[in-house]
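Contents: one structure, followed by commentary.
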Amino acid sequence: MMKFKEDLEYFENDDYQIVGIPYKNCRFSMFIILPREKFTLEKVLKSFSASNLLKTLTRNVWVHFPRFKIESNFDVKNILQNLGITDAFNENANFEGISEEEFLGVSEFQHKAMIETNEFGTVAAAGSLGLSYDCYYESSETFEFIADHPFMFIIADKQFNFIFAGTHF
Numbered sequence: 001m002m003k004f005k006e007d008l009e010y011f012e013n014d015d016y017q018i019v020g021i022p023y024k025n026c027r028f029s030m031f032i033i034l035p036r037e038k039f040t041l042e043k044v045l046k047s048f049s050a051s052n053l054l055k056t057l058t059r060n061v062w063v064h065f066p067r068f069k070i071e072s073n074f075d076v077k078n079i080l081q082n083l084g085i086t087d088a089f090n091e092n093a094n095f096e097g098i099s100e101e102e103f104l105g106v107s108e109f110q111h112k113a114m115i116e117t118n119e120f121g122t123v124a125a126a127g128s129l130g131l132s133y134d135c136y137y138e139s140s141e142t143f144e145f146i147a148d149h150p151f152m153f154i155i156a157d158k159q160f161n162f163i164f165a166g167t168h169f
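With full-length UniProt numbering, letter number 94 in the sequence shown gets 94, and the count goes up by one each step, no holes.
Shown next as structure tokens:
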């Protein structure tokens with residue numbers, strides 16, 4: 001468990017707490033959405049709105065946060081076929097302009113994602129972001145944020161464009 005005390009973006013309500021940990025140069029942040037009660041992450045996922053990230057204010061926060069690594073792998077082909085995109089995967093495929101091959105189709109389509117967070121930073125998919133606390137503000141009250149149960153995380157830029165999102169159980 002990583003522990004640090006910093007001035008960070010913070011919001012809390014009766015259902016959950018949000019803390020935003022900035023990355024180097026403060027262009028991106030990892031927002032952690034932590035349910036108040038253990039085992040209520042599904043409830044928070046159903047009710048959470050990205051607009052809640054706009055409610056964060058700079059506060060002094062004592063953060064307890066686990067090191068974690070999450071990897072996922074799933075078959076995109078099945079998802080696309082269930083959405084009705086089927087021709088790319090059969091003899092009706094038309095990739096004219098991509099290749100000189102007369103019969104070119106897609107046989108497999110896999111998606112792999114990975115995120116690892118530790119005291120040195122975050123590595124997400126093939127990219128890397130260096131963790132740095134170089135955005136400082138003054139705050140008098142200290143809040144406690146202990147991520148010792150399932151939570152949701154979002155890596156976003158300053159305009160709250162999501163770059164990566166997931167859950168940790």
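The beta-carbon is built from N, C-alpha and C at its ideal position, and this holds for glycine as well.
Per DSSP, Glu141 lies in no alpha helix (DSSP H) and is assigned neither H nor E. Annotation: Ala165 to Met152 spans about 8 Å, alpha carbon to alpha carbon.
Ser72 is bridged by DSSP to Ala113.
Per DSSP, Ser29 is not a residue of any alpha helix (DSSP H); the beta strand (DSSP E) it occupies stretches across 28-35.
Scanning Tyr16, Ile32, Phe11 for the CA closest to the CA of Ile155 turns up Ile32. In this structure, the beta-carbon distance from Asn161 to Lys112 does not fall below 7 Å. Note on Ser49: under 16 other CB atoms within 10 angstroms of its CB, so exposed under the neighbour-count rule. In the structure shown, Ile79 falls within a helical segment according to DSSP collapsed to helix, strand and coil.
Per the DSSP secondary-structure output, Lys3 pairs in a beta bridge with His64.
By the C-beta density criterion, Met30 is buried, having at least 16 other C-beta atoms within 10 angstroms.
Beta-carbon to beta-carbon, Asn82 and Lys5 are separated by about 47 Å, too far to satisfy the 8 Å threshold.
Linking Lys55 to Asn13 through their CA atoms gives a straight-line distance of about 10 Å. Going by C-alpha positions, Lys46 is about 28 Å away from Met2. CA-CA distance, Ile18 to Glu42, rounds to 16 Å.
In this structure Ile70 touches His168 by the C-beta definition: roughly 7 Å separates them, less than 8 Å.
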